[in-house]
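Engineer:
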Amino acid sequence: MTTREEALAFGLSFPDTYREAPFHDPNWQLVRYKKNKKAFLWTYERDGYINLNVKVDPEWRDFWRNVYDSVIPGYHQNKEHWNTIILDGSIPEKEIRQMITESYDRFSHKTHL
0 MTTREEALAF GLSFPDTYRE APFHDPNWQL VRYKKNKKAF LWTYERDGYI
50 NLNVKVDPEW RDFWRNVYDS VIPGYHQNKE HWNTIILDGS IPEKEIRQMI
100 TESYDRFSHK THL
């Protein structure tokens, strides 16, 4: 996964989700869970790369940050509960999908296979 479109398409593949650009800035595209309107996937370009912000279980937060240099504390969000994934090609797609799925699950309390 290297593009915003791929990330958004994956986020929108979960049940009861929708896309929104709430800041009147097309750089920021979010995927929200319909039932509570919470964003579980934030996408934006920064420093020439697409970035994804995902909510994480604090128990896993440091694991992802330690395994991948391109996973950093959440940009413009609570550093304890959010990670930023920089799509620079260094993280396997399977791992990116897992992090997005975990973020969705934190808001929906469902499992997406």
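Under numbering that gives the first Met the number 0, the very last position in the sequence shown is 112; numbers go up by exactly one each time. For glycine and all other residues, C-beta sits at the position ideal for the given N, C-alpha and C.
1. Kindly list the residues whose CB is nearer than 8 Å to the CB of Trp81, restricted to its own chain and excluding five residues on each side of it in sequence; keep chain order.
2. Going by DSSP, name the residue or residues bridged to Arg105.
3. Alpha carbon to alpha carbon, how far is Val30 from Arg3? Give it in angstroms, no decimals.
4. CB-CB under 7 Å to Glu19, same chain, minus the five flanking residues each way: which ones, in chain order?
5. Look up Ile71 in the DSSP assignment and give the residues it is bridged to.
6. With respect to 7 Å, is the separation between the Cβ of Glu58 and the closest non-hydrogen atom of the ligand MN below this value?
7. Using CA coordinates, which residue listed in Leu86, Asn77, Tyr43 and Gln76 is at the minimum distance from Ser69?
Structural biologist: According to the structure data:
1. Correct list, in chain order: Asn52, Val53, Lys54, Val55, Pro72 and Gly73.
2. DSSP, once it has assigned bridges, lists no residue as partnering Arg105.
3. For Arg3 and Val30, the gap between their C-alpha atoms comes out near 11 Å.
4. Same-chain partners within the cutoff: Leu29 and Arg31.
5. DSSP lists Thr83 as partners of Ile71.
6. Summarising the ligand content, the structure contains no ligands, and the ligand MN is consequently not present.
7. Taking only the C-alpha atoms, the option nearest Ser69 is Leu86.
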